[in-house]
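A short worksheet on the structure shown next.
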Amino acid sequence: MTKLRIAIQKSGRLNEDSLLILKNCGISIDNGKDQLKASARNFPMEVFYLRNGDIPQYLRDGVVDIAIIGENVLIEKGEDIDIAEKLGFSKCKVSLAVPKSVKYKSVYDFEGKRIATSYPNTVNMYLDKHGVKADLHIINGSVEIAPNIGLADAICDIVSSGSTLFKNNLKEVEVMLTSEAVLAVSPQISQERKEILKKLQFRIQSVLQARQ
Ligand code: PRP
Ligand code: MG
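Printed below as a string of structure tokens:
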């Protein structure tokens, strides 16, 4: 039997809410996330638990048909991938921040500055738009520590509650984009699997309506 292959985040902010929305759709998944692949019991679906940053490539390659992923990750790594639904959870911003003590005037202040980030494409797109050139340091986590250890003058990262910025004595100065979880679709999805996707989308839309 043909199954729709869905990628969800293995661990992290989206994992729980992604499983919850599938559950709300009446789909029960057989096992936990220690197993990296699981089957749904009552819907033609296979679930792959993957690392966030790898998901755009899996979609592109057609290794999975759809994914629940942060819009911000698609903007960073998957501009070519279509969004079928916005899912209304895991809302966040991707922002530039500087030490609280800095007197910030405008985006031009970033000219020639060192910015630590896990989102180099997003930062470059934003700065290019303003004709600003900065020096990016790509790091994968704990980005907000960079100014405090002299690695950078500023950072760009996800802001959700704002508590990580606050705890690290930083202030948000530019919001580059806002994001939420979305249902993304592989450009390689087959016609047969598109039919299953339609059924899933129908259920998701009812769940989202009921949540309003
Ligand atoms: C994420 C993100 C920010 C923080 C934002 O980091 O990279 O640092 O959460 O959330 P807040 O505004 O609610 O504080 P995460 O905790 O996932 O760790 P990591 O960056 O080390 O992966
Ligand atoms: Mg972080």
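By the UniProt record's numbering, the letter at position 6 of the sequence shown is numbered 6, and the numbering carries on one by one without gaps.
From the three backbone atoms N, C-alpha and C, an ideal C-beta is built for every residue, glycine too.
Under a Cβ-count criterion, where at least 16 other Cβ atoms within 10 Å of its own Cβ denotes burial, should residue i be classed as buried or exposed?
i: I8; result: buried
i: I138; result: exposed
i: N52; result: buried
i: Y108; result: exposed
i: residue 214; result: One cannot answer for residue 214 here, as it falls past the ends of the chain, which runs 1 to 212.
i: M1; result: exposed
i: P56; result: buried
i: L20; result: exposed
i: F166; result: exposed
i: G112; result: exposed
i: E195; result: exposed
i: R41; result: exposed
i: V175; result: exposed
Could you give the residue range of the alpha helix (DSSP H) that holds residue i?
i: P120; result: P120 to K129
i: I29; result: Unbroken run through I29: none, as it is neither H nor E.
i: N24; result: R13 to N24
What are the start and end residues of the beta strand (DSSP E) that includes residue i?
i: S39; result: K37 to S39
i: Q9; result: L4 to Q9
Give a single yes or no on whether residue i has its beta carbon closer than 8 Å to a heavy atom of ligand 4.
i: E144; result: Among the ligands modelled here, namely ligand 1 and ligand 2, ligand 4 does not occur.
query: Any chance the region 138-157 sits against the region 69-87, with 3 or more Cβ pairs inside 8 Å?
result: No: the two stretches stay apart, fewer than three of their Cβ pairs being nearer than 8 Å.
- request: With a floor of 3 residues, list each beta strand (DSSP E) that falls wholly inside the UniProt domain "ATP phosphoribosyltransferase catalytic" (51-205), ordered by position along the chain.
  value: If we require 3 residues or more, the beta strand (DSSP E) runs fully inside the UniProt domain "ATP phosphoribosyltransferase catalytic" (51-205) come out as 66-70, 82-86, 92-99, 114-117, 135-138, 154-159, 170-179 and 181-185.
field: Any 3 or more C-beta pairs closer than 8 Å across the region 195-211 and the region 81-88
entry: Pairwise C-beta distances place the region 195-211 in contact with the region 81-88, as three or more of them are shorter than 8 Å.
- prompt: Are the region 125-135 and the region 193-203 in contact at 8 Å, needing three or more beta carbon pairs?
  reply: Short answer: they don't touch.
message: Under 8 Å, with one C-beta from each stretch per pair, do the region 48-61 and the region 10-20 reach the 3-pair mark?
response: Proximity of the region 48-61 to the region 10-20 meets the contact definition, three or more beta-carbon pairs being nearer than 8 Å.
query: Whose CB is closer than 5 Å to a heavy atom of ligand 1? List the residues in chain order.
result: The set, ordered by position in the chain, is G141, S142, D157, I158, V159, S160, S161, G162, S163 and T164.
field: Meets three-Cβ-pair contact criterion under 8 Å: the region 166-182 and the region 90-109
entry: The region 166-182 vs the region 90-109: in contact.
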